Amino acid sequence: MEDPSQTHTLSLSTHGDHFYRSLSSKEPSFSELALSRPRFSTASPSKTQHHDPLPFLFKKQGARAYTMCISSLLQKDGQILSLAVSNGFVCTGTETKSIRVWKLPDFTIHGCFKAGCSGVRALSLSRGHVFAAYRDLKIRMWHESLENFTAGSRKGGPKFSSYFHKDHRTSSAKHLGAITSLVANPSEDLLYSASIDKTVRVWRISDLRCIETIEAHKEAVNAIALGGDGTVFTGSDDTTVKVWRRSYSEKRRHCLAVSLFVKYSPVKVLALGNRGTHLYAGKKN
(Lines of atoms letter the chains of each structure in order from A and count residues from 1; the text may use other names and numbers.)
(Lines give C-alpha, C1' and ligand atoms only; values in the text may rest on other atoms or scores of the structure.)
Protein backbone atom coordinates (compact mmCIF):
# COMPACT_ATOMS: atom_id res chain seq x y z
CA MET A 1 0.00 0.00 0.00
CA GLU A 2 1.25 3.46 -0.86
CA ASP A 3 2.28 5.72 2.03
CA PRO A 4 -0.09 8.73 2.06
CA SER A 5 2.59 10.97 3.59
CA GLN A 6 4.83 10.80 0.54
CA THR A 7 5.34 13.65 -1.88
CA HIS A 8 4.54 13.04 -5.53
CA THR A 9 6.51 14.15 -8.56
CA LEU A 10 4.92 13.76 -11.97
CA SER A 11 7.39 13.32 -14.83
CA LEU A 12 5.79 14.58 -18.02
CA SER A 13 6.75 14.10 -21.64
CA THR A 14 4.85 14.73 -24.82
CA HIS A 15 4.64 13.06 -28.18
CA GLY A 16 2.43 15.02 -30.53
CA ASP A 17 -0.72 15.85 -28.59
CA HIS A 18 -0.35 12.93 -26.14
CA PHE A 19 1.00 13.10 -22.60
CA TYR A 20 3.01 10.39 -20.89
CA ARG A 21 3.73 10.33 -17.21
CA SER A 22 5.67 8.54 -14.53
CA LEU A 23 4.87 8.89 -10.85
CA SER A 24 7.58 9.08 -8.21
CA SER A 25 6.79 9.03 -4.51
CA LYS A 26 10.15 8.04 -3.07
CA GLU A 27 11.11 10.27 -0.18
CA PRO A 28 14.26 10.03 1.98
CA SER A 29 14.02 9.72 5.73
CA PHE A 30 15.12 12.61 7.91
CA SER A 31 18.09 10.60 9.09
CA GLU A 32 19.53 10.77 5.56
CA LEU A 33 19.49 14.54 5.38
CA ALA A 34 22.60 16.63 5.95
CA LEU A 35 21.17 19.44 8.06
CA SER A 36 22.67 22.63 9.41
CA ARG A 37 21.11 25.13 11.77
CA PRO A 38 19.00 27.71 9.87
CA ARG A 39 20.03 31.35 10.01
CA PHE A 40 17.34 33.71 11.31
CA SER A 41 17.62 37.21 9.95
CA THR A 42 15.74 40.37 9.21
CA ALA A 43 16.48 42.91 6.50
CA SER A 44 20.05 44.15 6.79
CA PRO A 45 21.45 47.58 5.91
CA SER A 46 22.73 47.84 2.37
CA LYS A 47 26.27 48.46 3.59
CA THR A 48 26.41 45.00 5.15
CA GLN A 49 28.22 42.46 3.03
CA HIS A 50 26.22 39.42 2.03
CA HIS A 51 27.19 36.13 0.54
CA ASP A 52 24.87 34.82 -2.10
CA PRO A 53 22.95 31.98 -0.39
CA LEU A 54 21.15 30.79 -3.49
CA PRO A 55 23.87 28.42 -4.79
CA PHE A 56 23.62 26.53 -1.50
CA LEU A 57 19.87 25.95 -1.66
CA PHE A 58 20.55 22.42 -2.82
CA LYS A 59 23.07 20.07 -1.21
CA LYS A 60 23.78 17.18 -3.52
CA GLN A 61 24.63 13.78 -2.11
CA GLY A 62 25.16 11.19 -4.80
CA ALA A 63 22.17 11.27 -7.13
CA ARG A 64 19.87 13.08 -4.69
CA ALA A 65 19.42 16.73 -3.80
CA TYR A 66 18.05 17.95 -0.48
CA THR A 67 16.78 21.35 0.58
CA MET A 68 17.31 23.24 3.83
CA CYS A 69 16.32 26.55 5.37
CA ILE A 70 19.05 29.16 4.80
CA SER A 71 17.32 32.29 6.05
CA SER A 72 14.15 33.55 7.76
CA LEU A 73 12.72 37.01 7.14
CA LEU A 74 10.42 38.73 9.60
CA GLN A 75 7.99 41.58 8.98
CA LYS A 76 4.94 42.32 11.11
CA ASP A 77 2.45 42.42 8.24
CA GLY A 78 0.32 39.57 9.51
CA GLN A 79 -0.10 36.14 7.98
CA ILE A 80 1.58 35.64 4.60
CA LEU A 81 -1.04 34.48 2.09
CA SER A 82 0.87 34.54 -1.22
CA LEU A 83 4.34 34.58 -2.80
CA ALA A 84 5.70 35.37 -6.26
CA VAL A 85 9.27 35.33 -7.60
CA SER A 86 10.57 37.02 -10.76
CA ASN A 87 13.84 38.53 -12.03
CA GLY A 88 15.63 38.76 -8.71
CA PHE A 89 12.63 39.88 -6.63
CA VAL A 90 10.26 38.15 -4.22
CA CYS A 91 6.84 39.66 -3.52
CA THR A 92 4.83 38.68 -0.45
CA GLY A 93 1.12 39.27 -0.03
CA THR A 94 -0.35 39.33 3.46
CA GLU A 95 -3.66 39.68 5.28
CA THR A 96 -3.02 43.44 5.41
CA LYS A 97 -3.20 45.81 2.41
CA SER A 98 0.53 45.61 1.78
CA ILE A 99 2.54 43.85 -0.91
CA ARG A 100 6.15 43.80 0.18
CA VAL A 101 9.06 43.43 -2.27
CA TRP A 102 12.31 41.71 -1.30
CA LYS A 103 15.47 41.81 -3.38
CA LEU A 104 17.54 38.72 -4.04
CA PRO A 105 20.07 37.37 -3.27
CA ASP A 106 20.59 39.36 -0.06
CA PHE A 107 16.87 39.33 0.93
CA THR A 108 16.70 43.03 1.76
CA ILE A 109 13.47 45.02 1.63
CA HIS A 110 13.22 46.80 -1.72
CA GLY A 111 9.80 48.41 -1.40
CA CYS A 112 6.17 48.13 -0.42
CA PHE A 113 2.90 49.18 -2.04
CA LYS A 114 -0.74 48.98 -1.00
CA ALA A 115 -4.27 48.73 -2.36
CA GLY A 116 -7.59 49.73 -0.89
CA CYS A 117 -8.47 46.20 0.22
CA SER A 118 -6.78 43.76 2.57
CA GLY A 119 -6.06 40.09 2.09
CA VAL A 120 -3.67 39.51 -0.84
CA ARG A 121 -4.57 35.90 -1.62
CA ALA A 122 -2.61 35.40 -4.87
CA LEU A 123 0.24 37.11 -6.73
CA SER A 124 1.81 36.89 -10.18
CA LEU A 125 4.73 38.88 -11.62
CA SER A 126 5.31 39.26 -15.34
CA ARG A 127 7.13 41.73 -17.61
CA GLY A 128 6.84 44.80 -15.42
CA HIS A 129 3.35 43.94 -14.18
CA VAL A 130 2.19 42.91 -10.74
CA PHE A 131 -1.14 41.06 -10.55
CA ALA A 132 -2.78 40.62 -7.15
CA ALA A 133 -6.02 38.92 -6.14
CA TYR A 134 -7.70 40.25 -3.01
CA ARG A 135 -10.30 39.19 -0.50
CA ASP A 136 -12.95 41.29 -2.30
CA LEU A 137 -12.63 38.89 -5.32
CA LYS A 138 -11.06 41.58 -7.50
CA ILE A 139 -7.80 41.18 -9.40
CA ARG A 140 -5.75 44.36 -9.38
CA MET A 141 -2.90 45.17 -11.74
CA TRP A 142 0.07 47.47 -11.30
CA HIS A 143 2.46 48.26 -14.12
CA GLU A 144 6.05 49.48 -14.03
CA SER A 145 9.19 47.52 -13.29
CA LEU A 146 9.96 46.65 -9.68
CA GLU A 147 13.52 47.87 -10.19
CA ASN A 148 12.28 51.45 -10.47
CA PHE A 149 11.24 52.01 -6.89
CA THR A 150 12.89 51.68 -3.49
CA ALA A 151 11.80 51.16 0.09
CA GLY A 152 10.09 54.19 1.59
CA SER A 153 9.51 55.87 -1.78
CA ARG A 154 5.93 56.97 -2.45
CA LYS A 155 6.47 58.37 -5.92
CA GLY A 156 8.52 55.46 -7.23
CA GLY A 157 6.00 52.69 -6.59
CA PRO A 158 4.29 50.78 -9.37
CA LYS A 159 1.38 52.61 -10.94
CA PHE A 160 -2.03 51.12 -10.19
CA SER A 161 -3.86 50.51 -13.45
CA SER A 162 -7.24 48.93 -12.76
CA TYR A 163 -8.94 45.73 -11.74
CA PHE A 164 -10.18 42.97 -13.98
CA HIS A 165 -13.91 43.15 -14.38
CA LYS A 166 -17.01 41.82 -16.08
CA ASP A 167 -17.26 41.62 -19.84
CA HIS A 168 -20.88 42.30 -20.80
CA ARG A 169 -20.33 40.79 -24.24
CA THR A 170 -19.57 37.34 -22.84
CA SER A 171 -21.63 37.55 -19.61
CA SER A 172 -18.50 36.53 -17.67
CA ALA A 173 -18.33 38.04 -14.20
CA LYS A 174 -15.72 37.93 -11.50
CA HIS A 175 -15.23 34.77 -9.48
CA LEU A 176 -17.98 33.70 -7.10
CA GLY A 177 -15.52 32.51 -4.46
CA ALA A 178 -12.05 33.29 -3.13
CA ILE A 179 -9.28 33.43 -5.74
CA THR A 180 -6.54 30.95 -4.90
CA SER A 181 -3.94 31.31 -7.65
CA LEU A 182 -2.81 33.57 -10.52
CA VAL A 183 -0.45 32.98 -13.42
CA ALA A 184 0.29 35.25 -16.38
CA ASN A 185 1.16 34.34 -19.96
CA PRO A 186 2.36 37.69 -21.35
CA SER A 187 3.32 36.31 -24.75
CA GLU A 188 -0.36 35.47 -25.32
CA ASP A 189 -1.67 38.53 -23.43
CA LEU A 190 -3.45 36.24 -20.95
CA LEU A 191 -3.90 35.99 -17.20
CA TYR A 192 -5.32 32.86 -15.54
CA SER A 193 -7.09 32.87 -12.18
CA ALA A 194 -8.24 29.89 -10.12
CA SER A 195 -10.92 29.93 -7.46
CA ILE A 196 -12.76 27.85 -4.90
CA ASP A 197 -15.82 28.29 -7.15
CA LYS A 198 -14.36 25.33 -9.15
CA THR A 199 -13.52 27.46 -12.20
CA VAL A 200 -10.50 28.89 -13.97
CA ARG A 201 -11.05 32.24 -15.64
CA VAL A 202 -9.00 33.50 -18.57
CA TRP A 203 -8.47 37.26 -18.78
CA ARG A 204 -7.08 39.36 -21.61
CA ILE A 205 -4.47 41.64 -20.05
CA SER A 206 -4.63 44.41 -22.63
CA ASP A 207 -8.26 45.35 -21.89
CA LEU A 208 -8.75 43.58 -18.52
CA ARG A 209 -11.64 41.48 -19.84
CA CYS A 210 -12.67 37.91 -19.02
CA ILE A 211 -12.71 35.99 -22.31
CA GLU A 212 -13.32 32.45 -21.04
CA THR A 213 -14.61 30.59 -18.00
CA ILE A 214 -13.38 27.00 -17.67
CA GLU A 215 -15.45 24.62 -15.53
CA ALA A 216 -12.24 22.99 -14.46
CA HIS A 217 -12.88 20.69 -11.50
CA LYS A 218 -15.55 19.13 -9.29
CA GLU A 219 -14.11 20.85 -6.20
CA ALA A 220 -12.15 24.02 -5.42
CA VAL A 221 -9.26 24.83 -7.78
CA ASN A 222 -6.22 25.64 -5.63
CA ALA A 223 -3.29 26.03 -8.03
CA ILE A 224 -2.28 26.84 -11.60
CA ALA A 225 1.04 26.28 -13.34
CA LEU A 226 1.95 27.34 -16.87
CA GLY A 227 4.21 25.44 -19.25
CA GLY A 228 6.56 27.08 -21.70
CA ASP A 229 4.37 26.04 -24.63
CA GLY A 230 1.23 27.54 -23.08
CA THR A 231 0.00 24.30 -21.51
CA VAL A 232 -2.00 25.00 -18.33
CA PHE A 233 -1.94 22.71 -15.28
CA THR A 234 -4.58 22.96 -12.54
CA GLY A 235 -4.72 21.27 -9.13
CA SER A 236 -7.85 20.80 -7.04
CA ASP A 237 -9.44 19.54 -3.86
CA ASP A 238 -10.88 16.72 -5.97
CA THR A 239 -7.38 15.11 -5.83
CA THR A 240 -6.70 15.58 -9.53
CA VAL A 241 -4.26 17.55 -11.66
CA LYS A 242 -5.65 18.47 -15.06
CA VAL A 243 -3.71 19.44 -18.16
CA TRP A 244 -5.24 21.95 -20.58
CA ARG A 245 -4.16 22.69 -24.14
CA ARG A 246 -4.77 25.91 -26.06
CA SER A 247 -7.54 25.68 -28.64
CA TYR A 248 -7.99 28.39 -31.24
CA SER A 249 -11.67 27.79 -31.89
CA GLU A 250 -14.07 30.64 -31.21
CA LYS A 251 -16.18 28.73 -28.68
CA ARG A 252 -13.47 27.09 -26.54
CA ARG A 253 -9.99 28.50 -26.13
CA HIS A 254 -8.78 25.67 -23.86
CA CYS A 255 -9.45 21.94 -24.03
CA LEU A 256 -8.76 19.22 -21.47
CA ALA A 257 -5.84 17.03 -22.57
CA VAL A 258 -5.48 14.62 -19.63
CA SER A 259 -6.42 14.17 -15.97
CA LEU A 260 -3.79 12.99 -13.50
CA PHE A 261 -5.14 11.35 -10.33
CA VAL A 262 -3.23 12.02 -7.10
CA LYS A 263 -4.22 9.72 -4.24
CA TYR A 264 -5.11 10.42 -0.63
CA SER A 265 -5.14 14.21 -0.45
CA PRO A 266 -6.26 17.45 -2.19
CA VAL A 267 -3.70 19.18 -4.40
CA LYS A 268 -2.83 22.59 -2.94
CA VAL A 269 0.26 23.74 -4.89
CA LEU A 270 1.75 23.11 -8.34
CA ALA A 271 5.19 23.98 -9.67
CA LEU A 272 7.05 23.14 -12.87
CA GLY A 273 10.76 22.36 -12.88
CA ASN A 274 13.14 24.69 -14.72
CA ARG A 275 13.17 22.50 -17.83
CA GLY A 276 9.41 22.02 -17.80
CA THR A 277 9.66 18.22 -17.80
CA HIS A 278 8.61 17.66 -14.18
CA LEU A 279 5.47 18.87 -12.44
CA TYR A 280 5.52 18.97 -8.63
CA ALA A 281 2.24 18.66 -6.74
CA GLY A 282 2.03 19.70 -3.10
CA LYS A 283 -0.76 18.01 -1.19
CA LYS A 284 -2.64 18.89 1.99
CA ASN A 285 -1.03 16.06 3.94
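For the record, in the sequence shown the residue sitting at position 273 is 273 according to UniProt numbering, with numbers rising by one throughout. Ideal Cβ positions, reconstructed from N, Cα and C, are used throughout, including at glycine. Here the structure is a predicted model, which is why all the values come from computation and not from measurement.
Buried versus exposed, by CB contacts within 10 Å (16 or more), Asn222
Taking the first residue of the sequence shown as 1, we reach residue 222 at position 222. Classification of Asn222: buried, given that the 10 Å Cβ count is 16 or more.
Taking the beta strand (DSSP E) that Arg100 falls in, what are its first and last residues?
Here residue 100 is taken as the residue at index 100 of the sequence shown, counted from 1. Element bounds for Arg100: 98 to 103.
Are the Cβ atoms of Ile179 and Leu125 separated by less than 9 Å?
Against the sequence shown, residue 179 aligns to sequence position 179. Against the sequence shown, residue 125 aligns to sequence position 125. For Ile179 and Leu125, no; Cβs fall outside 9 Å.
Using the three-state DSSP reduction, which class does Glu188 fall into: helix, strand or coil?
Translated into the one-based positions of the sequence shown, residue 188 becomes position 188. Reduced to three states, the DSSP call for Glu188 is helix.
From the DSSP secondary-structure annotation, give me the bridge partner or partners of Leu256.
Taking the first residue of the sequence shown as 1, we reach residue 256 at position 256. Leu256 pairs with Trp244.
For the beta strand (DSSP E) containing Ile109, name the first residue and the last one.
To locate residue 109, count along the sequence shown from 1; it is residue 109. Residues 108 to 114.
Among Asp229, Leu260, Ser249, Lys268, whose alpha-carbon lies nearest the alpha-carbon of residue 287?
The first residue shown for the chain is 1 and the last is 285, placing residue 287 beyond what the model contains.
What is the rounded straight-line gap between the Cα of Arg252 and the Cα of Asp106?
Locating residue 252 in the sequence shown gives position 252, counting from the first residue. Locating residue 106 in the sequence shown gives position 106, counting from the first residue. Computed Cα separation, rounded: 45 Å.
Residue range of the beta strand (DSSP E) that includes Lys138:
In the sequence shown, the residue the question calls residue 138 occupies position 138. Run containing Lys138: none; DSSP gives neither H nor E here.
Is it right to say Ala281 is buried, meaning 16 or more other beta carbons lie within 10 angstroms of its own, or is it exposed?
Residue numbering aside, residue 281 sits at position 281 when the sequence shown is read from its first letter. When all chains shown are included, Ala281 counts as buried.
Leu270 (DSSP reduced to helix, strand or coil):
Taking the sequence shown and counting its residues from 1, one reaches residue 270 at position 270. In the structure shown, Leu270 sits in a strand (DSSP, three-state: E or B).
Using 8 Å for Cβ pairs, my map puts Thr94 next to Gly78. What's the rounded Cβ distance?
Here residue 94 refers to the residue found at position 94 of the sequence shown. Here residue 78 refers to the residue found at position 78 of the sequence shown. So it is a contact: roughly 5 Å between Cβ atoms.
May I ask which residues mark the beginning and end of the beta strand (DSSP E) holding Ile224?
By 1-based counting over the sequence shown, the position of residue 224 is 224. It spans 221 to 226 - the beta strand (DSSP E) in which Ile224 sits, taken as one unbroken run.
Tell me the DSSP secondary structure of Leu146 in three-state form.
Taking the first residue of the sequence shown as 1, we reach residue 146 at position 146. Reduced to three states, the DSSP call for Leu146 is helix.
So Val232 and Val267 are in contact, right, with Cβ under 8 Å, and what is the actual spacing, rounded?
On the sequence shown, residue 232 is found 232 positions in, with the first residue counted as 1. On the sequence shown, residue 267 is found 267 positions in, with the first residue counted as 1. 14 Å between Cβ atoms; not a contact.
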